[in-house]
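Residue numbers (full-length UniProt numbering), protein chains in the order written: chain A, 1 to 191; chain B, 1 to 191.
Don't be surprised by glycine CBs; every beta carbon is placed ideally from N, CA and C.
None of the values given here were measured: they were computed from a predicted structure.
Here is the structure we will look at, set down as structure tokens.
Protein chains: 2
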Amino acid sequence: MTPHEQLLSYFQSKTHLSPEEFSEFKDFFVLKKVKRNELLLREGEVCTFNLFVLSGLLRMYHIGPEGQEFTRYFAFENKFGTSLTSLIEGMPSIENIQAVEKSEVLKISKVDFFKLVETVPSVNLIYKNILEQAYITSQKRIYDFQGKTALERLKWLLSHQPGILNRIPSRLVASYLGITSYTLSRIKAEL
Amino acid sequence: MTPHEQLLSYFQSKTHLSPEEFSEFKDFFVLKKVKRNELLLREGEVCTFNLFVLSGLLRMYHIGPEGQEFTRYFAFENKFGTSLTSLIEGMPSIENIQAVEKSEVLKISKVDFFKLVETVPSVNLIYKNILEQAYITSQKRIYDFQGKTALERLKWLLSHQPGILNRIPSRLVASYLGITSYTLSRIKAEL
DNA sequence: ACTGACTCTTGCCCTACAGCAATACCTTGA
DNA sequence: TCAAGGTATTGCTGTAGGGCAAGAGTCAGT
Chain A
1 MTPHEQLLSY FQSKTHLSPE EFSEFKDFFV LKKVKRNELL LREGEVCTFN LFVLSGLLRM
61 YHIGPEGQEF TRYFAFENKF GTSLTSLIEG MPSIENIQAV EKSEVLKISK VDFFKLVETV
121 PSVNLIYKNI LEQAYITSQK RIYDFQGKTA LERLKWLLSH QPGILNRIPS RLVASYLGIT
181 SYTLSRIKAE L
Chain B
1 MTPHEQLLSY FQSKTHLSPE EFSEFKDFFV LKKVKRNELL LREGEVCTFN LFVLSGLLRM
61 YHIGPEGQEF TRYFAFENKF GTSLTSLIEG MPSIENIQAV EKSEVLKISK VDFFKLVETV
121 PSVNLIYKNI LEQAYITSQK RIYDFQGKTA LERLKWLLSH QPGILNRIPS RLVASYLGIT
181 SYTLSRIKAE L
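If you want it as structure tokens, here you go:
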């Protein structure tokens, strides 16, 4: 399957879109290969693109005042990922985007993307869907973690994303759970 | 200013909308008066409406496993407020909606609202705006609170929403900051 | 204006998690 | 294949905030 075929499949799983319509704008999405640990966006830069992950894995994370990393989201294969707030507001990003593994992505510029959102109904719908899901994911994570201990949060993660501990370094899992890697290491013993 | 005039002003502050266009759908929004502390939605119910706050103040909050309340959002005058995740997914809400003060709201049913989103371009735009802002607000709150002490979070709140401590009972401010009211009481002494 | 009921404050103790340091364990590249 | 640098584990200790209980303050309804 070519990169663009993979993207078309994604669109078709969410909305109606014929290959003919797709071919009119598919070239806005260009293939980009990224190395493990490579940064695609740094805190402070304005985000001017949206990314569709073909293979590999990205993470969006923030660095706190004392240098602690906090991972907001892991973008796996067949997901869009970007610094949404920076993309929407056009302001410097407060988060970094990094490839956790060697990855392949399709990149579309901000202007092209929003042009499509306004002119192609199916892309408009995809964008509405991205926004809704981003919001829902963010809310669920807050509420599901609220009032829970580190161990309970870990169990929640394992039940929702089994296998994540094998694929992603503990350091990053800890930063996703909002705990230090020391604590993660300790509570893993209690599982 | 009548309730509908107030809503029209809000729309016009966000997008172009003539009084004539507005009058075609304004009756979908019906006035509702709510008493202090009255619940407009309970956890477990499916949310079937969107609310525009004319006067007063609503809060959206969740009750944790041990009964601790966690306030996600205060909807002040001239804001839309609802349980967005429940409205979008059509699933039981995980949050409650309560009037903090005696309030007046304009209520629109879910079906009418989404009908307008699909048929009236300016409402479509308002909805996109609501989603974007909901997401951005949620993210900023997470990142701004990340790695900060309770005292720092309180200072952040006071600088972003001065006067909130006078208008809203401490209990609720504490639940917004993610701390107990004991702790809030103690850190207020350190201001 | 009075009373009963919430709401806020504060002393005390407790617990979950942070953070350092030392050790053991993987990876990756020449 | 081996060395080097990152990553994970674990003992020890420190601390922010939780939670109870008792008291003070405040507000709403009759």
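* Asked: Using 8 Å as the limit for Cβ to Cβ distance, is K33 of chain A near chain B?
  -> no
* **Euclidean distance between Cα positions of L7 of chain A and Q133 of chain B** => 27 Å
* Can you check whether the CB of I168 of chain A is closer than 8 Å to the CB of F74 of chain A? -> yes
* Asked: Between S13 of chain B and chain A, is there a C-beta pair that is closer than 8 Å?
  -> no
* To do: Check T71 of chain A in the structure and name its three-state DSSP category.
  => strand
* Does L51 of chain B come within less than 8 Å of chain A when only Cβ atoms are used? -> no
* To do: Report the option in A:I126, A:L41, A:G67, A:E190 whose CA atom is closest to the CA atom of E152 of chain A.
  => A:E190
* Asked: Near K79 of chain A, which residues of its chain fall below 7 Å by C-beta distance, leaving aside the five closest residues on each side in sequence?
  -> V53
* To do: Please list, in chain order, all residues of the same chain as R171 of chain B whose beta carbon is under 7 Å from its beta carbon, the five residues on each side excluded.
  => S181
* Give the straight-line distance between the Cα atoms of E45 of chain A and S109 of chain A, rounded to the nearest whole angstrom. => 15 Å
* In the structure shown, what three-state DSSP assignment does R59 of chain B receive? -> strand
* Asked: For L51 of chain A versus G81 of chain A, is the C-beta distance shorter than 8 Å?
  -> yes
* Cα-Cα separation, E77 of chain A to S9 of chain A -> 12 Å
* Asked: Taking Cβ positions only, does Y143 of chain A come closer than 8 Å to chain B?
  -> yes
* Asked: So what does DSSP say about L31 of chain A, is it helix, strand or coil?
  -> strand
* To do: Assign L87 of chain B to buried or exposed, taking buried as 16 or more other Cβ atoms, counted over all protein chains shown, within 10 Å of its Cβ.
  => buried
* Pairwise C-alpha distance: L157 of chain B and N166 of chain A -> 39 Å
* Going by DSSP, which residues form a beta bridge with V105 of chain A? -> A:K32, A:V53
* **Whole-angstrom distance between Q161 of chain B and V34 of chain B, CA atom to CA atom** => 24 Å
* Using the rule of at least 16 other Cβ atoms within 10 Å of the residue's Cβ for burial, across every protein chain shown, is R59 of chain B buried or exposed? -> buried
* Pick helix, strand or coil for V117 of chain A, following the three-state DSSP scheme. => helix
* What do you reckon, are the CB atoms on V123 of chain B and L116 of chain B nearer than 8 Å? -> yes
* Look at the alpha carbon of G64 of chain B and the alpha carbon of F70 of chain B, and state the distance between them as a whole number of angstroms. => 7 Å
* Asked: Using a beta-carbon distance below 8 Å, is S175 of chain B in contact with chain A?
  -> no
* Can you have a look at V111 of chain B and say buried or exposed, based on whether 16 or more other CB atoms are within 10 angstroms of its CB? => exposed
* Asked: Taking residue 218 of chain B as the reference, which of B:H4, B:V100, B:T85 has the closest Cα?
  -> No answer is possible for residue 218 of chain B: the residues shown for chain B start at 1 and end at 191.
* Which residues in the same chain have their Cβ closer than 8 Å to the Cβ of L17 of chain B, if we skip the five residues on either side of it in sequence? -> L8, F11, S122
* For the candidate residues B:P92, B:R36, B:T2, whose alpha-carbon lies nearest to that of R42 of chain B? -> B:P92
* To do: With 8 Å as the limit, tell me which residues of the UniProt domain "Cyclic nucleotide-binding" (16-117) of chain A have their beta carbon closer than that to any beta carbon of chain B; keep them in chain order.
  => H62, G64, P65, E66, Q68, F70, R72, L84, T85, I88, E89, I94, E95
* Sequence-distant residues of the same chain with beta carbon closer than 8 Å to S55 of chain A, five excluded per side -> E77, S103, E104
* Coarse secondary structure for V100 of chain B, derived from DSSP in three states -> coil
* Asked: Which residues in chain B sit within 9 Å of L131 of chain A, going by Cβ to Cβ distance?
  -> K128, L131, E132, A134, Y135
* A174 of chain A versus A:I130, A:K140, A:Q68, residue with shortest Cα-Cα distance -> A:Q68
* **For P3 of chain A, the three-state DSSP class (helix, strand or coil)** => helix
* Asked: What does S9 of chain B touch in chain A if you count any residue whose Cβ is under 8 Å from its own?
  -> The contacting residues do not exist; S9 of chain B stays about 24 Å from chain A at best.
* **Any chain A beta carbon closer than 8 Å to S185 of chain B** => no
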